[in-house]
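Position in the sequence shown (from 1) plus 189 gives the number in my numbering.
Every residue gets a Cβ at the ideal spot worked out from N, C-alpha and C, and that includes glycine.
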Amino acid sequence: MKLIARFRMVSVTVFLMVSIVVSSIVPIYAAGSSATDFTGKTITTVMVSGNITVPKDTIMAVVKVKPGDKFDAEAIKKDMQAIYELGNFFDVTVSFTAVTEGVKIVYSVMENPALDNVVIKGNTKVSTDKLKSLLKVDKGKVLNTKTIRESTKTIENYYHDQGYILARVTDVTMGDGGAVIITINEGKLEDIVVKGNQKTKTYVITREMKVKEGEPFNSNDARRSMQRLYNLGFFED
């Protein structure tokens with residue numbers, strides 16, 4: 190006799206929506222001017238403004254455009270993207286000012302709010318304290334979205350290592366007062382279908398299984414469940 194057991198897991202939509210920041214990489218020109226008006230001009234000054242807690246050197250370290258370079262709109266756009274990808278800012282703009290010697294460039298930034306608290310929702314198999322210990326964030330410091338993304342991946346990897354292979358961080362949002370809200374879908378088992386059991390009652394089979402409908406699916410438990418069924422001696426591979 191052969192046992193055919195099918196595990197039909199709940200469909201999990203995998204996505205990470207970080208709605209904490211919205212990139213606004215838009216150059217600001219003087220009235221009636223455009224990038225072409227500055228093309229070929231020598232860059233005399235490159236500055237950054239708007240940063241409060243993030244050091245200027247941290248920002249300028251990713252800026253490639255230097256004084257003495259010729260104005261290049263694409264290079265400036267890449268610099269703006271690099272600044273944004275530091276993860277500390279929700280807005281990055283640039284302004285150009287014509288001066289006698291050429292053109293002055295100012296990158297303006299607006300920092301993310303300071304992190305006040307982390308709220309985790311949807312976790313039943315891993316404690317909140319454990320999940321928070323996996324986060325690489327510091328309360329009171331400017332929220333870094335790059336670090337948040339890395340931390341959510343760490344959370345998912347931890348779940349997977351424990352056998353919860355369907356677990357996903359499905360949402361990350363910014364709440365009031367600088368709180369980050371992380372929502373987890375642990376990947377619940379929708380149902381269990383047993384086929385081919387002509388002599389053994391279904392309930393005899395399911396009672397030996399460690400995985401249960403409505404519970405987060407665990408691959409380790411699933412393997413142990415199958416082994417227990419084979420150990421009954423009623424079935425063959």
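For the alpha helix (DSSP H) that D268 lies in, which residues bound it at each end?
-> 262 to 273 is the extent of the alpha helix (DSSP H) around D268.
Could you have a look at M363 and say whether DSSP puts it in helix, strand or coil?
-> M363: strand per DSSP, three-state reduction.
By DSSP, does D380 sit in helix, in strand, or in coil?
-> In this structure, D380 counts as strand in the three-state DSSP scheme.
On the three-state DSSP scale, how would you describe L284?
-> Checking the displayed sequence, the identity of residue 284 turns out to be Ser instead of Leu. Reduced to three states, the DSSP call for S284 is strand.
When you compare only the Cα positions, how much space is there between T234 and G291?
-> C-alpha separation (whole angstroms): 9 Å.
Contacting residues, own chain, Cβ-Cβ under 8 Å from K230 (five flanking each side not counted) = Counting only Cβ-Cβ distances below 8 Å, and skipping sequence neighbours, we find K259, F260, A287, G291, V292.
Among I309, N312, F278, which one has its Cα closest to the Cα of Y296?
-> Nearest of I309, N312, F278 to Y296, Cα basis: F278.
Using DSSP bridges, identify the partner residues of P244.
-> Assignment of beta-bridge partners to P244 by DSSP yields no partner.
DSSP three-state assignment for A411, whether helix, strand or coil = Secondary structure of A411 (DSSP, three-state): helix.
Going by the CB atoms, is the gap between G239 and V298 shorter than 7 Å?
-> By the CB criterion at 7 Å, V298 and G239 fall inside the cutoff.
Could you tell me whether the Cβ atoms of I344 and L320 are closer together than 7 Å?
-> In contact: I344 and L320 (Cβ atoms closer than 7 Å).
Mark N301 as exposed unless 16 or more other C-beta atoms lie within 10 angstroms of its C-beta, in which case mark it buried.
-> Buried, by the Cβ-count rule.
Endpoints, the beta strand (DSSP E) within which K310 is located | It spans 306 to 310 - the beta strand (DSSP E) in which K310 sits, taken as one unbroken run.
Beta carbon of G403, beta carbon of K377: below 7 Å?
-> Yes, these two residues count as a Cβ contact at 7 Å.
Roughly how many angstroms lie between the CA atoms of R338 and I265, to the nearest whole one?
-> Their Cα atoms are separated by approximately 26 Å.
If you draw a straight line from the C-alpha of D305 to the C-alpha of A368, how long is it?
-> Near 5 Å, if we compare the C-alpha coordinates of A368 and D305.
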